[in-house]
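Novice: I have a structure here, written as structure tokens, and I will follow up with some questions on it.
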Amino acid sequence: MSDSQGMSIVVRVVTRWLLGLILIFGLAVALYGHLTPGGGFAGGTIVACGFVLAILAFGGSRGPGAFFTRWASALDAIGALAFLALAILGFTAGAFLQQWAARGDAFTLGSAPSIVLLNLAILLKVGAGLFAGFSAIALFEQTADPDTADSEKGADA
Amino acid sequence: MSKILSAFVFCMLVWIAVTWAFDTTSLVLGAVLAGAIAFSLRNLELDEVPLLLMPQRLVWALAYIPVLLLYVIRANFDVAWRVLHPRLPIRPGIVRAKTTLKSPSARVLLANSITLTPGTLSVDVLDDVFYIHRIHVPEAAPEADMQRSMDTFEGFLRRIFE
Amino acid sequence: MTMYVLAAVLFGVGLYGLLVKRHLLKKVLGLLILEHAVNLFLVEVGYVDGGSPPIRLAGETAAAFAGGAVDPLPQALVLTSIVIGLGLAMLMVALSLRIYERYGSLDADRMSELKG
Amino acid sequence: MLQLIPLFVLIPLGAAFACLLVKRRVPAMAPMLSLVGVLALLALAVTGSVQGAAGASIAGGWSLESQGTTSFLPGIALVFDGLSAVFLLLVAVVSTAVLVFGFRYMETYEGRPLYYALLNLLIAGMNGAVLAGDLFNLYVFVEIASIASYALVAFGTGGREVEAAFKYLILGAVASASILLGIGLIYAATGLLNMADVGTAVAAGGIPETTLLAATALFLAGLGLKAAMMPFHAWLPDAHPSAPAPISAMLSGLLIKTLGIYALVRILYLVIGMDGALGGSLQTLLLVLGCLSMVGGVLLALGQTDLKRLLAYSSISQMGFVLVALGTNTWLGVAAAIFHAMNHALFKGALFLSAGSLERIAGTRDISKMGGIARIAPATTIGAVGASLSIAGVPPFNGFWSKLLILIALFTAGMHVVGAIAAATAVLTLVTFVKVQQRVLFGALPERLKGAHDVPASMSLPVIALAVLCLIGGLLWPLGLDDWVGGAASAVRTDGPTNEAPAEYRRMVHSEGRQP
């Protein structure tokens, strides 16, 4: 699959049009997760689907999908570690997972910066994790490691 | 450059539509993210889409919508007539037609316009050759007939994209 | 009462698929149905008749919000359990692929090395 | 100390993801990271046990007042009490031994950083399950540990391993779904998830009896599957031997206890209440299932020729001992059960590790093809013999004392038949292991094995260390019984010498929760 040129011109062009929309929509869903429905998990799923679409349309060796395939596992780990680090930062405010950053006006993006950051970490973790799972299964012949698809951190979304 | 810029504007519009927040934090963050996405997608093969940068193309694009709608409605009546006709005068088949459009975006839109029109369905696009499934293929010169119907669309799309 | 019956029926369907069907992908589907039977049940537990989404809007008082919104806790639980279910399903598919690679078949009866 | 409770979960979780992060560039760092993490856990667990501090840590630090209600506790509560302390220490000790053993043992496997990541994830899940203060988090952590264990069973990626993992995964998934459905039923009836609160509500009759019965049945089926009780045991003899030896030690030594026994004790004693309406039938059920596991496990073990499979069946049998002890519903019974679970973790861990060593030395797991290994591998032999004596119940090893305590608890509770069955099973266990030792370690050395060598010290020392701990536990147990193991039992039973009770658990969770 990774060697193919991807799918027909229609799919490729439409993917190119929609990819930006999908990615920015996923990011918006994650970043506004503390105000509106959504959150890091939902946003991460959308972003991962965007990259999966890129892989399906353009093949595994080109485009943003190829970049992501190489880095998904590392990004996954970075996202999880970032979440843990942010959670531990909560100790500075008194308790584990406590909001440590100064809060802004209610109902704006800055109302809870620490939750936004946590959502971003979850976005990274879930997006990269889902994508890593997809690529481990779809590109099975090449990557022969049983991906664990560890799945606990989205829990806090 | 214009490719990045148009992608950026598009992403920014989506961001504003989704978040509907106009405070500085949100707008700056949206601009940064839209810029990053537009930049990272720059290498995906595609022709230049200078849609947002040239007003006359925008006007043609807006004009295309009612024209397409007109064709869709007309084809609707045609299909309805065939379906309701007691003898069911259909003659389904696949015809081949060539396009003179060069831009991939224009070709995709052409294919989609054909699909959107009832009774015709683009099955595949291989370079400049379209394979179109029609509900009624005329007995005489089927390809020329198809070519004729495509010409209107092509004229608009050429002005929009090329 | 309906929700208990619904959950029980779906649970039974999932269990049947997971334990009785011999095709590995059908087992995966059975697992997904099983997971979602429980998820559906949890969501229904938190449902308030005519309730609003548990998102507080600007200008809404806390009391009005608490009175009108559905219980958000089961939704959080379900989100978590969906993630877990996803992990399980992914692992199961990966294992199925391994089995397919080895036996050239997804039929559980062809798996021969472990009996009893 | 109480502030540090989340670290029990955070350290292994962080280590797991750090291992994934370094897996491509610097794979050699993964074992080091894991070792640092496990040693930190060991230090924390020892500190916690020595201080004996009990309390809860609420993630997020939400206070009850701001919620406008005191009827439920918001936030994720991690509760550290006597029962948790014992299991945390156990997890830390066995994990350390397993990790050190694995350094050399895993050299023949591909993708080692993944192994370390999964091992850490397993530890994180077990620690979390032991600390979780509410039902749902218990479920989440049980699942984290389970998913990691499914992947680890399949780690060898041979047909056998993958099949065993698939079977294990299917039954494990059914178990998890049952547990979650049980939690859903309880939440539907009470709107509570915190174990202390649910326990109070159940004791006050706040749950309709049918709901409670259904939830209990679901919990028993789910946790029984995870604990490999006899009618639910089918996956264990396949899954445990298929994993790499360190993982077998982890699964048999720790996983079935933290996920099965610990969760059963917490839920049966604290949430559902063994003295409540369902207590009598639960007691009978535990005794029957326990006897079945005890006898069935040991009889099946007797017939095995695969060393690891034999050990796996004997795990089922030993879990039977723990179950009947829990079925007595007395302080002494619970203490004996915890003591035996603890001892089993130590000696079964050592036995599975030494089985890995023996497999390396002899090139086979077939008992009938081994023999006289004591002559070529003295270090491995010392560890294996120590652990075998312990599981066989030979004084002064710890296995003897815990089995004796179980028998005493059974007989003082008037369960003479069960006691007799347990005594007979103990004798059969002795027979099994004497047979194994004679065949494998002593007797004539086959020609084929003349040139074989002992395993490196990093593989034999952890086994010896665990065996020594068995001996120490056997010699010093009277010192720790009241304060430590007894303290663990007192966390769920009120009729012991110290008067900590389920109510204490509730008070602990809530008073900590009120702190800003």
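Chains as they are written, first to last, in my numbering: chain L, -15 to 141; chain D, 122 to 283; chain H, 698 to 813; chain F, 135 to 650.
All C-beta atoms, glycine included, are put in the ideal place defined by N, C-alpha and C.
With 16 as the cutoff for other CB atoms within 10 Å, does SER191(F) come out buried or exposed?
Specialist: SER191(F) comes out buried.
Novice: Using a Cβ-Cβ cut-off of less than 7 Å, give me the residues of the region 374 to 402 of chain F that come near chain H, in sequence order.
Specialist: The residues in question: there are none.
Novice: Under 7 Å, Cβ to Cβ, is there at least one residue of chain L near PRO161(F)?
Specialist: Cβ-Cβ to chain L under 7 Å: no for PRO161(F).
Novice: Would you tell me roughly how many angstroms separate the C-alpha atoms of LEU108(L) and PHE67(L), rounded to the nearest one?
Specialist: Roughly 9 Å between the two C-alpha positions.
Novice: Give the DSSP bridge partners of ASP245(D), in chain order.
Specialist: Bridge partners of ASP245(D): TYR252(D).
Novice: Report yes or no: do three or more beta-carbon pairs, one from the region 98 to 113 of chain L and one from the region -2 to 16 of chain L, lie closer than 8 Å?
Specialist: In short, these stretches touch, since the Cβ pair count reaches three.
Novice: Using CA coordinates, which residue listed in ALA496(F), LYS537(F), ILE406(F) is at the minimum distance from THR350(F)?
Specialist: It is ILE406(F) whose Cα lies nearest to the Cα of THR350(F).
Novice: For GLY189(F), list the residues DSSP reports as bridge partners.
Specialist: GLY189(F) pairs with PHE214(F).
Novice: Cα separation between PHE142(F) and ALA279(F)?
Specialist: When rounded, the distance between both Cα atoms is 14 Å.
Novice: For ALA470(F), which residues from the same chain have a beta carbon less than 7 Å from its beta carbon, with the 5 sequence-adjacent residues on both sides left out?
Specialist: Answer for ALA470(F): ALA459, SER536, LEU539, ILE540, ALA543, listed in chain order.
Novice: Beta strand (DSSP E) containing VAL216(D): first to last residue?
Specialist: First-last of the beta strand (DSSP E) with VAL216(D): 214 to 219.
Novice: Are there three or more Cβ pairs, one per stretch, closer than 8 Å when the region 723 to 731 of chain H is compared with the region 303 to 320 of chain F?
Specialist: A contact exists between the region 723 to 731 of chain H and the region 303 to 320 of chain F.
Novice: If you draw a straight line from the alpha carbon of LEU434(F) to that of ILE450(F), how long is it in whole angstroms?
Specialist: Approximately 10 Å between the Cα atoms of the pair.
Novice: Would you verify that the beta carbon of GLY117(L) is, or is not, closer than 7 Å to some beta carbon of chain H?
Specialist: So, interface residue.
Novice: Could you check if GLY709(H) is buried or exposed, using at least 16 other CB atoms within 10 Å of its CB as the buried criterion?
Specialist: With fewer than 16 Cβ atoms within 10 Å of its Cβ, GLY709(H) is classed as exposed.
Novice: If you drop the 5 nearest sequence neighbours on each side, which residues of the same chain put their C-beta closer than 6 Å to that of ALA258(F)?
Specialist: Closer than 6 Å at Cβ, skipping near neighbours: VAL143, PRO146, LEU147.
Novice: So, helix, strand or coil for ASN233(D), using DSSP?
Specialist: The answer is helix: DSSP assigns ASN233(D) an H, G or I state.
Novice: With 7 Å as the threshold, decide whether the Cβ of ILE121(L) is near any Cβ in chain H.
Specialist: Output row for ILE121(L): interface = yes.
Novice: Against PHE131(D), what residues of chain L qualify as contacts under a CB-to-CB distance less than 8 Å, listed in chain order?
Specialist: What PHE131(D) touches in chain L: GLY4, LEU5.
Novice: Can you name the start and end residues of the alpha helix (DSSP H) that HIS478(F) belongs to?
Specialist: Start and end: 465 to 496.
Novice: Using the Cβ count rule (16 or more neighbours within 10 Å means buried), how would you classify GLN185(F)?
Specialist: With fewer than 16 other Cβ atoms within 10 Å, it is exposed.
Novice: Can you find a CB in chain L that lies within less than 7 Å of the CB of VAL710(H)?
Specialist: By this cut-off, VAL710(H) is not an interface position.
Novice: Establish whether the CB of PHE91(L) and some CB of chain H are separated by less than 7 Å.
Specialist: PHE91(L) counts as touching chain H.
Novice: Can you tell me whether DSSP reads LEU448(F) as helix, strand or coil?
Specialist: Reading off the sequence shown, one finds Ser at residue 448(F), where the question assumed Leu. In this structure, SER448(F) counts as helix in the three-state DSSP scheme.
Novice: According to the neighbour-count rule (16 or more other Cβ atoms, all chains shown, within 10 Å of its Cβ), is PHE274(D) buried or exposed?
Specialist: PHE274(D) comes out buried.
Novice: Any beta-carbon of chain F closer than 7 Å to the one on ALA61(L)?
Specialist: Closer than 7 Å: yes.
Novice: Within 8 Å, do at least three Cβ pairs link the region 760 to 768 of chain H to the region 708 to 724 of chain H?
Specialist: No, because fewer than three Cβ pairs between the region 708 to 724 of chain H and the region 760 to 768 of chain H fall closer than 8 Å, the two stretches do not touch.
Novice: Within 10 angstroms of the Cβ of THR344(F), are there 16 or more other Cβ atoms? Answer buried if so, exposed if not.
Specialist: With fewer than 16 other Cβ atoms within 10 Å, it is exposed.
Novice: Would the beta-carbon of TRP136(D) fall within 7 Å of that of GLY156(D)?
Specialist: No, Cβ-Cβ distance for TRP136(D) and GLY156(D) is not below 7 Å.
Novice: Do we get a CB-CB distance below 7 Å when we pair ALA755(H) with the residues of chain L?
Specialist: Taking Cβ atoms only, chain L reaches closer than 7 Å to ALA755(H), which makes this a yes.
Novice: Looking only at C-alpha atoms, which of VAL602(F), GLY293(F), VAL519(F) sits nearest to ALA805(H)?
Specialist: When each option's Cα is compared against that of ALA805(H), the closest is GLY293(F).
Novice: Are the CB atoms of PHE270(F) and LEU212(F) nearer to each other than 7 Å?
Specialist: Not in contact: PHE270(F) and LEU212(F) (Cβ atoms no closer than 7 Å).
Novice: Could you name the residues of chain F that LEU65(L) contacts, counting a contact when the two beta carbons are closer than 8 Å?
Specialist: What LEU65(L) touches in chain F: GLY148, PHE151, ALA152, LEU155.
Novice: Between PHE52(L) and ARG(-4)(L), which are expected to be in contact by the criterion C-beta below 8 Å, what is the C-beta distance as a whole number of angstroms?
Specialist: That belief does not hold up - the Cβ atoms of PHE52(L) and ARG(-4)(L) are roughly 17 Å apart, past 8 Å.
Novice: Give me the DSSP bridge partner(s) of ASP721(F).
Specialist: Within the shown structure, residues of chain F are numbered from 135 to 650, placing residue 721(F) beyond reach of any answer.
Novice: How many angstroms separate the CA atom of TYR284(F) from the CA atom of PHE567(F)?
Specialist: Taking the straight line joining both Cα atoms gives about 29 Å.
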